[in-house]
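Trainee:
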Ligand code: PRP
């Protein structure tokens, strides 16, 4: 039986292709992708889809893709019901809390506003800290929000730290580390056990 894999496009794309190559799959079509979104492996009965991170989880959750490669950040933000089977050890970064240096949210008295692309992660973090904050959902360039005064601090991912530094923000706390994970649809895991186990094992050996 063939399997289908939803890969996350963008940052994790190149790393995922490298791993597939190392594990002796043939992702040649993915390397010459143009505007295509569905690709066939050159050796195996595998179809790859290139989608946004959150959509990768959606496709796997609905069983349209058997397997997904997606960042732990997106997994934590979702309410997914898939198996997380492997840490690929790439796309490593941290979830952090940051603010302008003169606005330490942990010392602020009164209403605190937090901007984030990850409202669920942000809410859970502050709930654990027993801090009552308002979380404002932002779609991107989150570092801009405290500079413009939309919020006091942000919860975001930091990879090199360059974006924070170049915008004068400082890290107040690190929430957790994240990296790319392999997720599997629960029904597929039973129905296509052999194919999926074999895929996971081949990947596991090269990471
Ligand atoms: C992410 C993240 C930070 C930046 C961190 O944004 O939200 O803004 O990368 O990387 P750094 O620590 O290496 O500077 P992304 O580039 O994905 O774009 P977006 O803000 O438009 O979502």
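Numbering (UniProt numbering), first residue to last: 1 to 207.
Glycine included, every Cβ here is placed at the ideal spot set by N, Cα and C.
In this text the structure is predicted, and so the values were computed from the model without any measurement.
1. Which residue marks the beginning of the beta strand (DSSP E) containing residue 4, and which one marks its end?
2. Could you check where the beta strand (DSSP E) with residue 225 kicks off and where it finishes?
3. Spell out a yes or no on whether the region 136-155 and the region 88-106 are touching, meaning 3 or more CB-CB pairs, one atom from each, closer than 8 Å.
4. Under 8 Å: does the beta carbon of residue 141 sit that close to some heavy atom of the ligand PRP?
5. By alpha-carbon positions, which one of 133, 83, 191, 48 ends up nearest to residue 113?
6. Given the structure, does residue 34 come close to the ligand PRP, in the sense that its CB is under 8 Å from one of the ligand's heavy atoms?
7. Considering only DSSP beta bridges, list what residue 169 is partnered with.
8. Contact check, residue 47 vs residue 110 under 8 Å by CB: the rounded distance?
9. From what residue to what residue does the alpha helix (DSSP H) around residue 145 run?
10. For residue 281 and residue 199, I'd like the C-alpha separation in whole angstroms.
11. Starting from the C-beta of residue 38, find all residues in its chain whose C-beta is less than 7 Å away, skip the five residues before and the five after it, and write them out in chain order.
12. How should residue 178 be labelled, buried or exposed, when 16 other C-beta atoms within 10 angstroms of its C-beta is the threshold for buried?
13. Using beta-carbon positions only, say whether residue 186 and residue 81 come within less than 9 Å of one another.
14. From this set, 176, 6, 158, which residue's C-alpha is nearest residue 67's C-alpha?
15. How would you write the range of the beta strand (DSSP E) that residue 56 sits in, first residue to last?
Mentor: In terms of the structure at hand:
1. Here residue 4 is taken as the residue at index 4 of the chain shown, counted from 1. Counted as a single uninterrupted DSSP element, the beta strand (DSSP E) harbouring residue 4 occupies residues 3-8.
2. Look at the range of the chain in this structure, 1 to 207, and you will see that residue 225 is not part of it.
3. Verdict: yes, contact present.
4. As a first step, residue 141 is located in the chain shown; it is residue number 141 there, counting from the start. Answer for residue 141: yes, Cβ within range of the ligand PRP.
5. Here the question's residue 113 lines up with position 113 in the chain shown. That would be 133, whose Cα lies nearest to the Cα of residue 113.
6. Within the chain shown, numbered from 1, the residue matching residue 34 stands at position 34. The ligand PRP never approaches residue 34 closely enough for any of its heavy atoms to be under 8 Å from the residue's Cβ.
7. On the chain shown, residue 169 is found 169 positions in, with the first residue counted as 1. Residue 169 is not bridged to any residue.
8. For the purposes of this step, residue 47 is taken as the residue at position 47 of the chain shown. For the purposes of this step, residue 110 is taken as the residue at position 110 of the chain shown. Distance from residue 47 to residue 110 at the Cβ level is roughly 53 Å; contact not present, criterion being Cβ atoms closer than 8 Å.
9. Residue numbering aside, residue 145 sits at position 145 when the chain shown is read from its first letter. Note, residue 145: alpha helix (DSSP H), 144-148.
10. The structure shown does not extend to residue 281, since the chain is modelled only from 1 to 207, so the question has no answer here.
11. Counted from its first residue, the chain shown places residue 38 at position 38. Excluding positions up to five away in sequence, the list reads 47, 49.
12. Walking along the chain shown from the start, residue 178 turns up at place 178. With 16 or more Cβ atoms within 10 Å of its Cβ, residue 178 is classed as buried.
13. Counting from one through the chain shown, the residue named residue 186 turns up at place 186. Counting from one through the chain shown, the residue named residue 81 turns up at place 81. For the 9 Å CB-CB criterion, residue 186 and residue 81 form a contact.
14. Taking the first residue of the chain shown as 1, we reach residue 67 at position 67. When 176, 6, 158 are compared, the shortest CA-CA separation from residue 67 is found for 6.
15. Position 56 of the chain shown, counting from 1, holds the residue named residue 56. Residue 56 -> not in any beta strand (DSSP E); alpha helix (DSSP H) instead, spanning 53-61.
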